[in-house]
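There are 2 protein chains.
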Amino acid sequence: MQHLSIEHIGQWERFYRANFINCLTGYKSVSLIGTADVSNRPNLGVFSSIVHIGSDPALVGYINRPLAAAPHTLANIKATGIYTINHIRPGFVAQAHQSSAKYDAGVNEFEAVGLTAEYKAGIIAPFVAESLVQYALKLVEIVPVKHNNTFLVIGAVTDVFLPASAIQQDGFLNLPQLETVASLGVDAYFTTELVARFGYAKVDRPIEKL
Amino acid sequence: MQHLSIEHIGQWERFYRANFINCLTGYKSVSLIGTADVSNRPNLGVFSSIVHIGSDPALVGYINRPLAAAPHTLANIKATGIYTINHIRPGFVAQAHQSSAKYDAGVNEFEAVGLTAEYKAGIIAPFVAESLVQYALKLVEIVPVKHNNTFLVIGAVTDVFLPASAIQQDGFLNLPQLETVASLGVDAYFTTELVARFGYAKVDRPIEKL
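Here it is, written out as structure tokens:
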């Protein structure tokens, strides 16, 4: 095991260091976030810091980079209060990654990257038609992270769209069946294979494999 | 695609719903967090909501559940300001999962679940010896999430320990080589396989596969 101090890491070239630090936290739940501005112009961006906040109420967070670096998605969420999160499949990882390019505010990223905006009744934000797990959220809280001017954006899930066959007997989702990818660092995408599921852990009995 | 409204989901049985909602955000960067209390008694817990906050400074966050549900790790972090995060390998996923059991404050979870506490010079929190990616953090900010009494706990990376051979030419970490698992829901662990890495996305040129 090599020991790397933060002082040592701090001397590395900027992109080398960013790759390293971005990988350190492990695999991430990358998804495409769809929004619309007040004129109903669609916007699409890829976000790899989506985090489960709570089940009841069903709250989902994501980290939005400083506004100067990533303004459009958060501006639209603030303006309309509604957004969609869409899982990514191996068949469109290139298009998903391309949506991280800094398009101008007026550009429709769906068209620019080659994905299909899908609209559903009563939800003003666009979904990604190619995705097999799509959900809509209503903004509940934007929590500023003072230390680096990022924001934890928290939404309440309002609607979920997926193939019913992927919901297992106990509510668990078969994401390999739905082709959901994980990400790593700023540019890598992975498929997955199940190692094991375990029962609820108790202090007084051995762990049970499901 | 089946449409599930949150009103419909809200009527589901509690554990079924929790499995479903916990899977909705996709794969997670599960790790073991090691802490010590002021009397140097070690504590270990598994956390699956670790999130990259920023690269420079290198900041890592995790969501701590309400204090009544998960008190020990956060109490120790508040008391000492120091903690470790350790990736999980398939060979000890059962032990890692067992650390989610609600052990009393005095219990040494390393011993209780069968993992090895490893101490390194100058760092008071224990590492997991079986892990191939270990890093230490210094607490910088605890951000309360008002909507469900959770906390975004943010630390600055101070030291990283891993096999040098896993660092690729551009700083990217070969986590499959290090056997790092991803998690899904509250109880599932996965290995991964690379689909693709892509170059930095630009608006005026096609995406490039690395």
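Sequences listed follow chains C and W, in order. Note that our numbering has the first sequence beginning at -7, numbered continuously upward. Note that our numbering has the second sequence beginning at -7, numbered continuously upward. A virtual CB, placed ideally from N, CA and C, is assigned to each residue, including glycine.
Contacts of Tyr127(C) in chain W (Cβ-Cβ under 7 Å): Within 7 Å Cβ-Cβ: Leu16.
Check each candidate in Phe12(C), Asn32(C), Ser175(C), Asp48(C) and name the one with the smallest Cα separation from Ser47(W). Answer by Cα proximity: Phe12(C).
Only counting the same chain, and skipping five residues up and downstream in sequence, which positions put a Cβ closer than 7 Å to that of Leu144(W)? Taking Leu144(W) as the centre and dropping the five residues before and after it, the same chain places the C-beta of Gly53, Ile55, Val135, Val137 closer than 7 Å to its C-beta, in chain order.
Which value, in whole angstroms, describes the spacing of the CA atoms of Ala121(W) and Thr108(W)? Linking Ala121(W) to Thr108(W) through their CA atoms gives a straight-line distance of about 5 Å.
What do you reckon, are the CB atoms on Ala156(W) and Leu165(W) nearer than 7 Å? The beta carbons of Ala156(W) and Leu165(W) sit no closer together than 7 Å.
With DSSP as the reference, label Phe164(W) as helix, strand or coil. Coil at Phe164(W), not helix or strand.
Beta-carbon neighbours of Gln90(C), restricted to chain W and to distances below 7 Å: Neighbours of Gln90(C) on chain W, chain order: Ala193, Ile199.
Thr150(C) lies in the beta strand (DSSP E); which residues open and close that run? Note, Thr150(C): beta strand (DSSP E), 142 to 154.
Determine the extent of the beta strand (DSSP E) in which Tyr181(W) is found, giving its start and end residues. Run containing Tyr181(W): 180 to 189, per the beta strand (DSSP E) assignment.
Backbone CA spacing between Ile25(C) and Ile45(C) [nearest angstrom]: Here the alpha carbons of Ile45(C) and Ile25(C) stand approximately 17 Å from one another.
3-residue-minimum beta strand (DSSP E) runs that sit fully inside the segment 5 to 70 of chain C, ordered along the chain: Counting only runs that start and end inside the segment 5 to 70 of chain C, the beta strand (DSSP E) elements of at least 3 residues fall at 23 to 28, 34 to 39, 42 to 47, 50 to 56.
At 4 residues or longer, and completely inside the segment 76 to 127 of chain W: list those alpha helix (DSSP H) runs for me, N to C. As far as the segment 76 to 127 of chain W is concerned, its whole alpha helix (DSSP H) runs of at least 4 residues are 85 to 90, 101 to 105.
Are there three or more Cβ pairs, one per stretch, closer than 8 Å when the segment 57 to 71 of chain C is compared with the segment 160 to 174 of chain W? Cβ pair count under 8 Å is below three, so no.
C-beta contact flag for Val132(C) and Ile146(C) at 7 Å: A Cβ-Cβ contact shorter than 7 Å links Val132(C) with Ile146(C).
What are the residues in the segment 170 to 189 of chain C lying within 7 Å of chain W by C-beta distance? Per Cβ criterion, the list reads Thr172, Val173, Ala174, Leu176, Gly177, Asp179, Ala180, Tyr181, Phe182, Thr183, Thr184, Glu185, Leu186, Val187, Ala188, Arg189.
Leaving out the 5 sequence neighbours to the left and right, which residues in its chain are closer than 8 Å to Glu200(W) when beta-carbon positions are compared? Within the same chain, Glu200(W) has close Cβ partners Phe190, Gly191.
If the criterion is Cβ atoms closer than 7 Å, does the pair Leu186(W) and Phe182(C) meet it? Yes; because the gap between Cβ atoms is below 7 Å, this pair is in contact.
From this set, Ala193(C), Val178(C), Arg197(C), Pro198(C), which residue's C-alpha is nearest Ala193(W)'s C-alpha? Proximity to Ala193(W) across Ala193(C), Val178(C), Arg197(C), Pro198(C) peaks at Val178(C), based on C-alpha coordinates.
Within chain C, partners of Lys70(W) - CB distance below 7 Å: Under a criterion of Cβ atoms nearer than 7 Å, no residue of chain C is adjacent to Lys70(W); the nearest Cβ is some 17 Å distant.
Proximal residues to Asp151(C) (C-beta, below 7 Å), its chain only, five neighbours per side dropped: Counting only Cβ-Cβ distances below 7 Å, and skipping sequence neighbours, we find Ile115, Tyr127, Ala128.
Using a Cβ-Cβ cut-off of 7 Å, state whether Asn11(C) counts as contacting chain W. The beta-carbon of Asn11(C) is placed less than 7 Å from the nearest beta-carbon of chain W.
Ala174(C), DSSP secondary structure in three states: DSSP places Ala174(C) in strand when its eight states are reduced to three.
Please report the distance separating the alpha-carbon of Thr17(W) from that of Leu(-4)(W). The straight-line gap from Cα to Cα measures roughly 15 Å.
Counting only C-beta atoms, is Lys130(C) closer than 7 Å to chain W at any point? It does not; no Cβ of chain W falls within 7 Å.
Output needed in chain order: residues of the segment 83 to 113 of chain W with a Cβ under 7 Å from some Cβ in chain C. Answer in chain order: Val85, Ala86, His89, Gln90, Ser92, Ala93, Lys94, Tyr95.
Contact set between the segment 140 to 152 of chain W and chain C, restricted to residues whose Cβ is under 8 Å from the partner: For the segment 140 to 152 of chain W, which is checked against every Cβ of chain C, the residues closer than 8 Å are Asn140, Thr142, Leu144, Ile146, Ala148, Val149, Thr150, Asp151, Val152.
Between the Cα of Asn35(W) and the Cα atoms of Ala61(W), Ser92(W), Ala148(W), which residue gives the shortest distance? That would be Ser92(W), whose Cα lies nearest to the Cα of Asn35(W).
In terms of residue numbering, what span does the alpha helix (DSSP H) encompassing Gln0(C) cover? Correcting the residue type first, residue 0(C) is His in the shown sequence and not Gln. Taken as a continuous stretch (DSSP letters only), the alpha helix (DSSP H) holding His0(C) covers -2 to 1.
Starting from Val137(W), follow its DSSP beta bridges and name the residues at the other end. Answer is Thr142(W).
How would you label Asn141(W), buried or exposed, when you count the other beta carbons within 10 angstroms and need 16 or more for buried? Label assigned to Asn141(W): exposed.
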